[in-house]
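Enquirer: As numbered in numbering that gives the first Met the number 0, residues 0 to 73 make up the sequence shown, in order. I have a structure I would like to understand better, so I am pasting it below and will then ask my questions one at a time.
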Amino acid sequence: MEIDAAKALGAGLAVIGVIGSGIGIGTIFGAYINAVGRNPSMQKPLFGTTLLGFALVEAVALFALLISLILLFG
Numbered sequence: 000m001e002i003d004a005a006k007a008l009g010a011g012l013a014v015i016g017v018i019g020s021g022i023g024i025g026t027i028f029g030a031y032i033n034a035v036g037r038n039p040s041m042q043k044p045l046f047g048t049t050l051l052g053f054a055l056v057e058a059v060a061l062f063a064l065l066i067s068l069i070l071l072f073g
């Protein structure tokens, strides 16, 4: 196997982590909308926690993208 093909394969496999991040972000905001729909007075207290969860899940996606770029161009 050529080295360029191995780099492309490794980069493609590293990006699979972005799928999990998309699912996680959808779950976080879906749960937030469900909670606010049930109890609208909790909108402000839950929003900060929701953004924290979003930031942590998005960081996983950025790490996966960074690893794939390092494998591809490194």
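Where a beta carbon is used, it is the ideal one built from N, C-alpha and C, also for glycine. All of these numbers come straight from a predicted model, not from anything done at the bench.
Going by DSSP in three states, Asn33 sits in which element: helix, strand or coil?
Expert: Along the sequence shown, read from residue 1 onward, the residue named residue 33 stands at position 34. Helix, per DSSP.
Enquirer: Look at the alpha carbon of Gly11 and the alpha carbon of Asp3, and state the distance between them as a whole number of angstroms.
Expert: As a first step, residue 11 is located in the sequence shown; it is residue number 12 there, counting from the start. As a first step, residue 3 is located in the sequence shown; it is residue number 4 there, counting from the start. Cα to Cα, the separation comes out at about 12 Å.
Enquirer: Check whether the Cβ atoms of Ala63 and Ala5 sit closer than 8 Å, and answer yes or no.
Expert: Within the sequence shown, numbered from 1, the residue matching residue 63 stands at position 64. Within the sequence shown, numbered from 1, the residue matching residue 5 stands at position 6. Not closer than 8 Å, so no.
Enquirer: Would you mind stating whether Ile24 and Phe53 have Cβ atoms separated by less than 8 Å?
Expert: The sequence position of residue 24 within the sequence shown is 25, counting from 1. The sequence position of residue 53 within the sequence shown is 54, counting from 1. Going by C-beta atoms, Ile24 is nearer than 8 Å to Phe53.
Enquirer: Is the beta carbon of Val59 sitting closer than 8 Å to the one on Ile27?
Expert: Indexing the sequence shown from 1 puts residue 59 at position 60. Indexing the sequence shown from 1 puts residue 27 at position 28. Cβ atoms of Val59 and Ile27: not closer than 8 Å.
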